[in-house]
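Input: a single structure, listed below in structure tokens.
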Amino acid sequence: MRKLTALLFAALLTATTAWADNRWNYYGAYHNALQSIPVGDLVFTLCDGSIFSYSPADSEVRTYDKTTGLSDVNIRQMAYCDELGCLVLLYANSNIDILYPEESGVVNIPQYMNSSLADKTINDVSIVGTDAYLATNVGVAVLNLERGEFSNTYQIGRAVKTCTFAAGKIYASTTSGLFVGDTDDNLLDITKWQAAGNAVYNIMRTFNGRIYAAAGTLSEIDPATGETSQAAAVNATYLNADNASRLICGNASITISIDAEGNVSTISGNNTFKYLSLAGGTYWASCGFEGLRRYKTDASGMLEADGNGITLNSPIRNYCAFMNITPSNRVLVAGGTLNYNQLNYDGTLYYYENNRFFNFEDSVSNYTGIVYRNLTGIAEDPDDPTHHFATSGETGLYEFRNGRYVEHYDHRNSGLSTVLPQSSHSYMYVRTGGLRYDNDGNLWMLNDEVDTVVKVRLKDGSWKGIYVSEVAKYPTFDHLLFDRAGRAWFTQRRTTSSHHAGIVCLDYNGTITNTADDKSFYRYNFVNQDGTSYTPNTINSLAIDNDGYIWVGTVEGPFVITDPDNFMDGSFRFTQVKVPRNDGTDNADYLLTGVSITAIAVDGANRKWFGTNGNGVYLISADNIETIYHFTTENSPLVSDNILSLAVNNATGEVMIGTDAGLMGYQAGKTANPNKVKDKDLKIYPNPVRPDFYGDVTIEGLPYGAEVKITTAGGQVVKSGTSISGEYKWDVKDAGGNSVGSGVYYVLVSTSDGKHGARGRIVVVR
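Counted the way numbering that gives the first Met the number 0 counts, the sequence shown spans residues 0 to 765.
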């Protein structure tokens, strides 16, 4: 490898330390292997926008993402520079990283992404020497990898599908044919680019001075004469020159290998490769959802798999639109949409527990014969953690046991209704969401665009509809919760020409089957405590805090229902929390006013986590006054500022953040209700403290802001402090820094309001 220049190496060191914060994790999808490139002793694999490396020698796997040094998210393509030993990573937003595996460093090249070009799409990249030739929608850009800078950008008046370089000429394939530019000419002048035939190539690569181009057949272009000949009769879906000694191309039925002298070898087979590379006699195949697989040639010359596919424990896809957490702190995720923007997401369900992901069976359409997509909710049976249900924005309700499909419910076999009962495809219009169990084990859901929108699958398996006249046939219900009094609350997401975004309170008096005593109220005009009126056109989220207050996330900011009992009264007012300016005046501003709130979660300390549309994540203090954190893509490893869902695991302190670029976790520290604590909540370790122990004693299970005192058996205070993140550490020393002697020491804990306390004991042996 060539020695890196001082400037580039300095940039590399800066990039690798940009987000040195181990509190963040990116839980990208690593199942759908699309491209694999051997680099030294490692094999790098691209899966659904993320990459990992695999070491064949010891089976070690390492992931690379924004939390570990990459500058961005959603990688579209990799390319390898053999001379520099680096990988070029192209992101969907046209950002570029150069990854040096040997130095464990990354250099970011954002210039093209930040350029003034109206269209910055990069379609392909080809490495020749130490230059990367980028095929873009406006022409060809040349990136010098050794210097880490663009040497030229040529606009040729048309989109380029693929390009490469040989013998002083740049070859650019467009939808209107091949164009060639001689670098001795002024190629900034568009007239210097010469048409060179009508062939439209999908992939072009330079190998050993020859140009190979794929389009129905594999062609070889002589860069000296420009003449084209057939290299192999193969319709290549992949073509790479990653290995200096071999060019590899092929499709599902044939693999072509071309050596440095131009000799062609053919290997037949039946392989669903997305990409195939060769290193040291071993073939490495990207096999889609079968992962990265090692192949070798058998006695007959056919490629055969050598071992199982390599996939990582991760979500099956980067979808995480709907998320909730069970009492046992299992995080449930459904990755879908209500589909009113005509977006379709493959059926995706998974849960996260004990640092492991479990993906539900997703080949459900094989059983039902209809599409399985756009899942809008997941709920776990409170009596059976292996039993789950999921709603779809199109096709009703699905039942699973142990992650395997059990049953599908729609208007033909349940109490659900279809929007278009007369349609021959009526089963495609059973729109459901807002899935949640009540305290009696009944499963509630919202059935959009039909007369009776509230549907309940009772614990005995029977169905009941609850008619709410104010919102009959409303189209976009997707969030539902129950308050402390057992009332159901649910949101209508968006305003249309004939519907208002709003919130419904349904008091069914605990009797689902008796609707005679039901009361309901729908509000779409939000009047706050100051008499200011809002009519939000989008309501995205709903949550209940530890005080029983109901938080509503709207495009106008957060609103609070502090008196749910009075919601149906004419005098009811929403609350907008006022945050003092602390500028010497009595002036205050409404909390996050004008910020589009898309997700809300409440932690054990009653702090509020707000996800936003385009503005990242906020953490607000329990009194709702202080902004503790505001995370964005600019000041943290957060992969997107567009937040779809949130959940807090109070047992581990991890906040799960669902974004439109995948799932993240932030370790915020363990929290507990700040106003409650009991002796049994305290966990103290190590205990006893033995003579050979040198470190801190950890006290867990503490409320946020609790006062902690360590005392002797006689009541003398040895050390004191405050719990910040659900724990307190004692260095086994007194306030003067002296190690304490043998004996029994007591831990006295009191809540921040002084109303509750707990006591523990520590034995120290010297």
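Positions of the beta carbon are idealized from the N, C-alpha and C atoms, including for glycine.
So, using beta-carbon positions, are residue i and residue j closer together than 8 Å?
i	j	result
S276	N239	yes
N539	G552	yes
T336	G300	no
L645	N623	no
G610	I560	no
T62	S49	yes
V766	I253	The question about residue 766 has no answer here: the residues shown for the chain are numbered 0 through 765.
E790	G402	Since the first and last residues shown for the chain are 0 and 765, residue 790 lies out of range.
L33	S416	no
S244	G27	no
N113	D96	no
G334	L291	no
A165	T152	no
F520	F566	yes
F692	P685	yes
N197	G176	yes
Please identify the residue among the options whose C-alpha is closest to the C-alpha of residue i.
i	options	result
R293	V716, A223, I309	I309
S70	W729, P109, D517	P109
I155	L142, K472, N136	N136
G215	I126, D221, T236, M112	T236
P381	Y351, P326, N358, H424	P326
N641	Y617, N143, A621	Y617
Y533	G376, A515, A500, D562	A500
E469	H410, L479, A194, L505	L505
V717	G725, V743, E699, L701	V743
G249	S267, N262, A243, A259	S267
E699	D691, V688, L342, D678	D678
G593	L86, G613, G147, A712	G613
N649	N634, S413, D602, P579	D602
L662	A194, L86, I315	I315
S741	K732, D752, Q528, V764	V764
H407	Y371, Q341, G225	Y371
I683	G725, P690, A667, G714	G725
K273	T281, G287, Q715	G287
D345	S364, F356, G395	S364
What's the gap between the Cα of residue i and the Cα of residue j?
i	j	result
D659	F51	21 Å
T161	T120	12 Å
F330	K518	The sequence shown places Val at residue 330, rather than the Phe named in the question. Straight-line Cα distance between these residues: approximately 33 Å.
S218	M203	9 Å
I511	I465	8 Å
G664	V654	6 Å
W192	G84	32 Å
S595	I169	48 Å
T385	Y727	36 Å
I669	V127	Residue identity check: residue 669 is Lys in the sequence provided, not Ile. Taking the straight line joining both Cα atoms gives about 52 Å.
A757	W729	17 Å
S264	I255	6 Å
P222	F178	13 Å
G509	I377	23 Å
P474	T451	12 Å
Y397	L442	12 Å
S570	P535	20 Å
A712	I761	10 Å
T651	K675	18 Å
P420	M322	31 Å
E448	T129	58 Å
T13	R22	Its pLDDT being 45, under 50, T13 is placed unreliably in this model, and the value from its coordinates should be taken loosely. About 20 Å.
N207	L246	9 Å
R606	L637	20 Å
Y132	Y318	32 Å
Could you tell me whether any non-hydrogen atom of the ligand HEM is closer than 7 Å to the CB of residue i?
i	result
A140	The ligand HEM is not part of the structure shown, which contains no ligands of any sort.
- Query: Taking one C-beta from the stretch 74–83 and one from the stretch 43–56 each time, how about it: are there three or more such pairs within less than 8 Å?
  - Reply: yes
- Is the stretch 181–201 close to the stretch 100–111, with three or more CB pairs under 8 Å? no
- Contact between the stretch 694–712 and the stretch 741–748: three or more CB pairs below 8 Å? yes
- Query: Which runs of the alpha helix (DSSP H) fall wholly inside the stretch 336–390 and span at least 4 residues, in chain order?
  - Reply: 364–367
- Message: Can you confirm whether the stretch 420–428 touches the stretch 470–489 when touching is taken to mean that 3 or more C-beta pairs between the two stretches lie within less than 8 Å?
- Response: no
- Task: Ignoring anything shorter than 3 residues or poking outside the stretch 191–222, list the beta strand (DSSP E) runs there in chain order.
- Result: 202–206, 209–214, 216–220
- Mind pulling the beta strand (DSSP E) runs of 3 or more residues that sit fully within the stretch 114–187? 121–127, 130–135, 138–143, 148–154, 159–165, 168–173, 176–181
- In chain order, which beta strand (DSSP E) runs of at least 3 residues are fully inside the stretch 215–269? 216–220, 227–231, 237–242, 245–249, 253–258, 263–267
- Task: Any chance you could list the beta strand (DSSP E) runs of at least 3 consecutive residues sitting entirely within the stretch 480–519, in chain order?
- Result: 487–491, 501–506
- Unbroken stretches of the beta strand (DSSP E), 3 residues or longer, contained in the stretch 568–645: 577–579, 587–589, 596–601, 607–611, 616–619, 626–630
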